[in-house]
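The next block holds one structure in the form of structure tokens; read it before the comments.
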Amino acid sequence: MASNNIFRVGELEAKTGEKTKGHIESIELSDGSRVRVPVIIANGTKPGPTVFLGAGAHGDEINGIRAVIEAMAGLDPGTLSGRVVGVPVQNPLTYLRRERLVTLNQLDEQNMHRVFPGSRTGDVAHRTAHLILEDIVARAECDMVVDYHTGATGSYCPPHSFVSTIGNADVVERSVAAAAAFNAGICIYAGGSAGVYALGNMLHMVAVERGIPAFGCELGTAVPPDLRQSRVGVDGALRLLAHMGMIDATGREPEADIIVDGIADVRASAGGVCEYLVQPGDRLKCGQPLARILNVFGEVRSIPVSPVDGYLVTRAFYGALNEGERLARIGYRA
Ligand SMILES: [Zn+2]
Numbered sequence: 006m007a008s009n010n011i012f013r014v015g016e017l018e019a020k021t022g023e024k025t026k027g028h029i030e031s032i033e034l035s036d037g038s039r040v041r042v043p044v045i046i047a048n049g050t051k052p053g054p055t056v057f058l059g060a061g062a063h064g065d066e067i068n069g070i071r072a073v074i075e076a077m078a079g080l081d082p083g084t085l086s087g088r089v090v091g092v093p094v095q096n097p098l099t100y101l102r103r104e105r106l107v108t109l110n111q112l113d114e115q116n117m118h119r120v121f122p123g124s125r126t127g128d129v130a131h132r133t134a135h136l137i138l139e140d141i142v143a144r145a146e147c148d149m150v151v152d153y154h155t156g157a158t159g160s161y162c163p164p165h166s167f168v169s170t171i172g173n174a175d176v177v178e179r180s181v182a183a184a185a186a187f188n189a190g191i192c193i194y195a196g197g198s199a200g201v202y203a204l205g206n207m208l209h210m211v212a213v214e215r216g217i218p219a220f221g222c223e224l225g226t227a228v229p230p231d232l233r234q235s236r237v238g239v240d241g242a243l244r245l246l247a248h249m250g251m252i253d254a255t256g257r258e259p260e261a262d263i264i265v266d267g268i269a270d271v272r273a274s275a276g277g278v279c280e281y282l283v284q285p286g287d288r289l290k291c292g293q294p295l296a297r298i299l300n301v302f303g304e305v306r307s308i309p310v311s312p313v314d315g316y317l318v319t320r321a322f323y324g325a326l327n328e329g330e331r332l333a334r335i336g337y338r339a
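In the numbering used here, the protein residues as written are 6 to 339.
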């Protein structure tokens with residue numbers, strides 16, 4: 006909240022030209038301790054927009070967490086126009102347990118990325134989502150939301166971004182322009198045939214619904230962490246801030262994103278060990294073999310092919326699949 010040039014988020018305060026770090030307290034645990042959400046705020050010396058950089062809604066997705074840590078560490082509030090809020094670990098319980106879901110019990114919602122806007126009186130995932138959206142994004146009056154992820158543990162992807170094409174045309178247009186400036190390599194226009202990236206309770210969807218431009222990104226795979234993938238997220242944040250007039254231009258821009266607006270999932274038609282013939286990010290031709298599935302006796306059971314011309318945006322990470330498991334997710338122009 007702006008007041009006398011002091012930027013306040015929760016108990017944190019940053020004067021003009023300052024960067025402050027600390028925690029915002031969240032739910033109380035059974036042992037009496039409290040979950041604390043780490044927050045870094047940077048208050049520029051000149052007026053400008055406020056940007057939210059969040060990661061770790063899924064706590065095992067370290068590449069996104071590292072990207073937000075390093076983007077915030079590298080920011081100089083002395084040369085910044087506007088304000089930036091960094092939340093490297095939005096969901097600390099999953100970070101501590103090195104997992105994607107809140108598995109405190111089997112009764113409540115477990116995937117915080119599916120419960121926005123959350124609720125102050127709901128279960129743990131809902132309360133955490135509510136804290137992120139209301140106590141941080143709304144309280145800080147953010148003008149842009151970026152939600153960092155990686156592919157889930159067990160999936161393997163190239164860096165890519167996803168942006169909603171559903172909602173107010175102006176907000177969608179500004180979200181798309183922001184994702185283009187971020188430039189992760191492949192951008193999924195989510196909605197229509199790519200609806201899996203546009204589920205109603207994801208943070209970027211709820212933000213757009215509230216009139217705040219937003220997009221998300223996936224920085225490679227969750228395990229093992231890869232600093233090259235984090236770097237894509239740091240460079241993307243810098244390009245976004247430059248696009249919004251908050252810092253000077255970062256220099257040479259990479260080639261424009263490859264745009265896809267359709268998603269085709271290919272599932273294993275037989276169980277067995279899986280020998281991939283394609284890599285994350287590969288350009289694929291319709292009918293191109295994706296993998297060979299061999300049974301435990303070494304016999305080829307299946308050679309699944311791409312159903313479309315497109316790009317491999319996710320494949321399984323493990324070398325063995327059960328029948329019905331997703332083997333590949335392909336982005337294409339619908
Ligand atoms: Zn995630």
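Quick reminder that beta carbons are idealized off the backbone N, C-alpha and C, glycines included.
Since the model is a prediction, treat every value here as computed from it, not as a measurement.
Hey, is residue 118 close to ligand 1, as in C-beta under 7 Å from one of its heavy atoms?
yes
Just verifying my parser: in three-state terms, what is the DSSP assignment at residue 10?
coil
Which ranges would you report for the beta strand (DSSP E) in the region 57–101 if only whole runs of at least 3 residues count?
86–92
Measuring alpha carbon to alpha carbon, tell me which residue in 69, 221, 231, 201 is nearest residue 181.
221
Rounded straight-line distance, which links the Cα of residue 20 to that of residue 10
Straight across, the Cα-Cα distance linking residue 10 with residue 20 is about 6 Å.
Same chain, Cβ closer than 7 Å to residue 147, neighbours up to 5 away in sequence not counted:
55, 56, 57, 90, 217
Counting C-beta neighbours from all protein chains within 10 Å, is the total for residue 308 16 or more, i.e. buried, or is it exposed?
exposed
Provide the residue(s) that pair with residue 350 in DSSP beta bridges, ordered along the chain.
Only positions 6 to 339 of the chain appear in this structure, which leaves residue 350 out of reach.
If you measure from the CB of residue 16, is any heavy atom of ligand 1 nearer than 7 Å?
no
If we count the other Cβ atoms within 10 Å of its Cβ and call it buried at 16 or more, is residue 223 buried or exposed?
Looking at its Cβ environment, which holds 16 or more other Cβ atoms inside 10 Å, residue 223 is buried.
Below 7 Å, is the gap between the Cβ of residue 154 and the nearest heavy atom of ligand 1?
yes
Please state whether DSSP places residue 235 in a helix, a strand or coil.
helix
Just mark residue 84 as buried or exposed, buried being the case when its beta carbon has 16 or more other beta carbons within 10 Å.
exposed
Between residue 7 and residue 13, what straight-line distance do the alpha-carbon atoms span, to the nearest angstrom?
Residue confidence for residue 7 is low, a pLDDT of 48 falling below 50, so the modelled location carries little weight; the figure read from the coordinates is stated next. Distance between the alpha carbons of residue 7 and residue 13: 7 Å.
Compute every distance between the C-beta of residue 4 and the non-hydrogen atoms of ligand 1, then say whether any falls below 7 Å.
Past the boundaries of the shown model lies residue 4; the chain is included only from 6 to 339, so the question cannot be answered.
Straight-line gap, residue 23 to residue 16 (C-alpha atoms, nearest Å):
Rounded to whole angstroms, residue 23 to residue 16 spans 15 Å at the Cα level.
Counting along the chain, where does the beta strand (DSSP E) carrying residue 28 start and finish?
23–33
Tell me whether residue 328 is buried or exposed, calling it buried when 16 or more other Cβ atoms sit within 10 Å of its Cβ.
exposed
Please determine, among 203, 27, 187, the residue with the shortest C-alpha to C-alpha distance to residue 241.
187
Counted within 10 angstroms of its Cβ, other Cβ atoms place residue 138 as buried (16 or more) or exposed
buried
Work out the CA separation of residue 258 and residue 337 for me, nearest whole Å.
24 Å
Is the beta carbon of residue 273 closer than 8 Å to that of residue 332?
yes
Limits of the beta strand (DSSP E) - the one that residue 152 falls within:
149–156
Do residue 67 and residue 296 have their beta-carbon atoms positioned less than 8 Å apart in this structure?
Contact: no.
Should residue 179 go down as buried or exposed, given a rule of 16 or more other Cβ atoms within 10 Å for buried?
buried
Given that a residue counts as buried once 16 or more other Cβ atoms are within 10 Å of its Cβ, and exposed if not, what is residue 39?
exposed
Is it buried or exposed for residue 324, if we count other Cβ within 10 angstroms and need 16 for buried?
exposed
Counting C-beta neighbours from all protein chains within 10 Å, is the total for residue 87 16 or more, i.e. buried, or is it exposed?
buried
Relative to the alpha-carbon of residue 183, which residue among 243, 203, 289, 70 has its alpha-carbon at the smallest distance?
243
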